[in-house]
Every structure is written in C-alpha cells, then in structure tokens.
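So the structure is just underneath, and the comments pick up after that.
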Amino acid sequence: MRKIAVLTSGGDAPGMNAAIRAAVRTALYNGLEVVGVRRGFAGLIEGDFFLMETGSVSDIMQKGGTFLLSARCDEFLEPEGRKKAAEQLRKHSIEGLIVIGGDGSLRGAESLYREQGIPYISVPGTIDNDLPGTDYTIGFDTAMNTILEAINKIRDTATSHERTFIIETMGRSSGFLTVMAGLASGADAVLIPEKKAEIEDVCQTLMERQKQGRLHNIILVAEGYEGNFRTNRDLNESNAFAIGKEIASRTGQDTRVIILGHLQRGGSPTAMDRILASKLGARAVELLMEGKTSRMVGLKGNAIQDSSVEDILKKKKEIDLDIYKLNKILSI
Ligand code: ADP
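Okay, structure coming up:
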C-alpha cells in the first residue's frame, strides 16, 4: 500500500479531527502518501481530494467537528454512485480508505469494498456510542460532558423555581448517551427507547418526591423514546414536549422542556476522546498496511482491538441495563 485516503462521514463528532491527525501522521511516518477527502462520500464521488502533509493536520486536535467536512450523500446509496467513487480513487492511485463515522458510514464503506474491491478500515466516530465492537465511540465522552454542563446550569434554575425540567438528549435509536448522562448527572428519571411504558412510573416517583417536599426534578429523555401518552401528541414536535405536558397534567407540577439538540455534537473534545481518537486513527492505518480490510477499530476493556464490520452491522449495541437500574436506585 503506497497511497491512502481519509474521510469523515455522517454525523460529526468531537474528536474526529484528532482521529484524522493520527491517521495522517501515522501514514506519513510509515512512508505512505495520504489524501484528505472533503465532505465524506460526496467528496469521493466528486474527486474532492487534496494531498496532506504533516502541517495539514496541525492545530486541529483541539477543535470540535471535522476539518475535512462531513456530509450525507444519497448518491452513494446507489451502486452507480459507488462506482463513480471507486473510479475517482483508481484515477488518483488511492489503494485504501480510512472511514471515520457512524454505522451508516460503515455500511457505505462495506458496500464500496464488496462491489468495487476498495479496502478500508473504519474508525467509530459518533456521539451516540451505538456501535458494537467498541466500548466507546469517538465523541461520546465529550457529548456526555456537554450534557452535564447543561444539566448543571438547568439544575440551578430548577432548584430556585422548584420546577421539573424535561431535557431531551440525542439518541434516535439508542439510550446509551442518556443513561450514562443520567447516572453522571444524578437525573431523577431517565426515559430511553429501549424501555417503553415508563411515564406512569416517572409520575409516581415525582409525586412521592413531591410528598417529601422535593419539587425540582431533572428528567432526561432520549429523542427516540416513545412513551404511552394520554394527552394528544403533536407528531411534528419533539416527544419531550408531549412528555412535559403529560407530566404536568398527571402531577400538576410546573414543567419546562429543553431540547439540547446539536449543542451536544459540538465543542472541544475531552482528553478521553482525543486519546481514543489518536489510538484508533493510528491503528486503522496500521491495519490497512497489514493488508486488512472491512474491520472497525475499537476499544475493548483497555485494549485497542478490531472487529469485522459485517458482524458489527448485524448486531445492535445493548445498553447496560444495570446502569439503568442503578440510576433508579440512586434517584429515590
Ligand atoms: P452515520 O455514519 O453518522 O451513521 P449516516 O447514516 O447518515 O451517518 O450515513 C452517512 C452516509 O453513509 C450516508 O449519507 C450515505 O452516503 C452512506 N450510507 C449510509 N447507509 C448506507 C448503505 N446502506 N449503503 C451505502 N451507503 C450508505
């Protein structure tokens, strides 16, 4: 392998820059040429490439987002789009790809390999931490810390005004971020997609707390949570608002709703994310050089390991229900 390319794809995550830096510098250290691709798979199709040197990745590690830019690319969902991407890679004599992104990006890279034979190694970059094959994805730790900072501030006003705050966190299909942030913030209740009908439970807890004179509450809701609503829900608005109304109507408490939204995706990456990204980015290049393909690098226990992308895509990462239970015990 003489020349490789690096791209970031799908939802951005803090720490992606550190992963790019590690991949680029490991490649250069080993005498490879390395090309940056702008805007993920869209840039592959367009041939939006530039040759990188060690200085190309200076001063990016501390920045959130991805300096290579990211995009969602519908054309890449079709074999024709992937054929164009492979042609661009061949035209530029690029022999392998490092793909930093979430499960969609893994699917894209895997299809490109199967149809066009372009070897790749993927690096898990998503705040959702919803990929099997790694204990943590790049961006998760920073996102959790961002959520905690927000909750700390919300708590101040929740306490002063004796209000119940419903805080929506990211996670369309996984409650991982929400459960972990719940434990770290001491949230009074956590609602996640993996656990369905819970609103009654939450309301009961709130009523009990009310009897004890505890009138401020922090409830975390993953955006993918679907509860059992008594009140009519407006399907165009976030579930969090419906939950707020539902809780207010069932308990009579003064509720406020906050959607943390894209705030959670930004910010300077934490030390944990920078270290993880540096290790994974470097390992990904080594694997490509060893002639491997279709593997995702990840952290298991305290060791960097790699697993088959095919296997990863077949599984769903289970959240740790012990943590969910611990949340409940600690919030009584
Ligand atoms: P993430 O990587 O964060 O999960 P997406 O799910 O949006 O983000 O995926 C990023 C891109 O990967 C998509 O815009 C598309 O170009 C490509 N992609 C996603 N799923 C597939 C698939 N099944 N086949 C081919 N390409 C895919």
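Residue numbers (the numbering used here): 39 to 370. Idealized CB from N, CA, C, for every residue including glycine.
Enclosing beta strand (DSSP E) for residue i [first to last residue]
| i | result |
| --- | --- |
| F114 | Unbroken run through F114: none, as it is neither H nor E. |
| I176 | That residue, I176, is in no beta strand (DSSP E); it is neither H nor E in DSSP. |
| K355 | Per DSSP, K355 belongs to no beta strand (DSSP E) and is neither H nor E. |
When the options are compared against residue i, the one with the closest alpha-carbon
| i | options | result |
| --- | --- | --- |
| K366 | V217, R110, K122 and L45 | V217 |
| D112 | Q126, G142 and E284 | G142 |
| V323 | A61, D358 and S108 | A61 |
| V295 | A260, I205, I237 and S47 | I205 |
| E153 | H130, P117 and L127 | P117 |
| T172 | A188, R333, E236 and Q291 | R333 |
| E246 | Y362, T289, F178 and I136 | T289 |
| F88 | G220, L318, N277 and Q126 | Q126 |
| A309 | M99, F79 and R59 | M99 |
| R321 | Q343, P307, S306 and H300 | Q343 |
| Y151 | R120, H300, T175 and A260 | R120 |
| E284 | K353, E238 and R110 | E238 |
| E264 | S287, E236 and I257 | E236 |
| P307 | I58, K129, H130 and I176 | I176 |
| K354 | F105, F214 and P157 | F214 |
| S316 | L244, T46 and A56 | A56 |
| G85 | R59, L45 and K101 | L45 |
| I313 | G155, V75, S149 and D179 | D179 |
| V20 | K249, V228 and Q250 | Residue 20 lies beyond the range of the chain shown here (39 to 370); nothing can be said about it. |
| I350 | G140, H130 and D311 | G140 |
| S207 | L318, L301 and N266 | Reading off the sequence shown, one finds Thr at residue 207, where the question assumed Ser. Closest option to T207, Cα to Cα, is L301. |
| V347 | V75, S149 and I58 | S149 |
| R210 | L364, V75, K363 and G299 | G299 |
| Y174 | K363, K352, D311 and L364 | D311 |
Beta-bridge partners of residue i, as assigned by DSSP
| i | result |
| --- | --- |
| I204 | I257 and V295 |
| F79 | Its beta-bridge partners do not exist; DSSP assigns none. |
| T46 | I138 |
| R333 | I159 and S346 |
| K338 | A341 |
| L66 | Partner(s): none; L66 has no beta bridge. |
| A227 | I257 |
| F88 | G74 |
CB contact flag (residue i, residue j, <9 angstroms)
| i | j | result |
| --- | --- | --- |
| M90 | L66 | yes |
| A147 | S160 | yes |
| T184 | G262 | no |
| D226 | N255 | yes |
| G336 | S345 | yes |
| G48 | T331 | no |
| R77 | L107 | yes |
| I132 | K234 | no |
| G224 | S369 | yes |
| T202 | D292 | yes |
| L221 | I357 | no |
| L115 | L144 | no |
| E232 | L359 | yes |
| T104 | I138 | yes |
| L258 | E200 | no |
| A280 | I297 | no |
| K156 | A123 | In the sequence as presented, Lys is not what sits at residue 156; that position holds Ile. Yes, the pair counts as a contact, with Cβ atoms nearer than the cut-off. |
| A219 | L186 | yes |
| F79 | A109 | yes |
| I230 | A260 | yes |
| I136 | Y158 | yes |
| R59 | G319 | yes |
Residue i: first and last residue of the uninterrupted alpha helix (DSSP H) it sits in
| i | result |
| --- | --- |
| L106 | Here L106 belongs to no alpha helix (DSSP H), and DSSP marks it neither H nor E. |
| K317 | A309 to M327 |
| K101 | Unbroken run through K101: none, as it is neither H nor E. |
| M39 | Unbroken run through M39: none, as it is neither H nor E. |
| K234 | Element bounds for K234: n/a, residue is neither H nor E. |
| N277 | N277 to T289 |
Touching by the beta-carbon criterion (3+ pairs, under 8 angstroms), the region 162 to 176 and the region 40 to 58: Touching, yes, given that three or more Cβ pairs across the two stretches are closer than 8 angstroms.
contact_flag[the region 327 to 334, the region 71 to 78] where n(CB pairs < 8 angstroms) is 3 or more: By the criterion of at least three beta-carbon pairs nearer than 8 angstroms, the region 327 to 334 is not in contact with the region 71 to 78.
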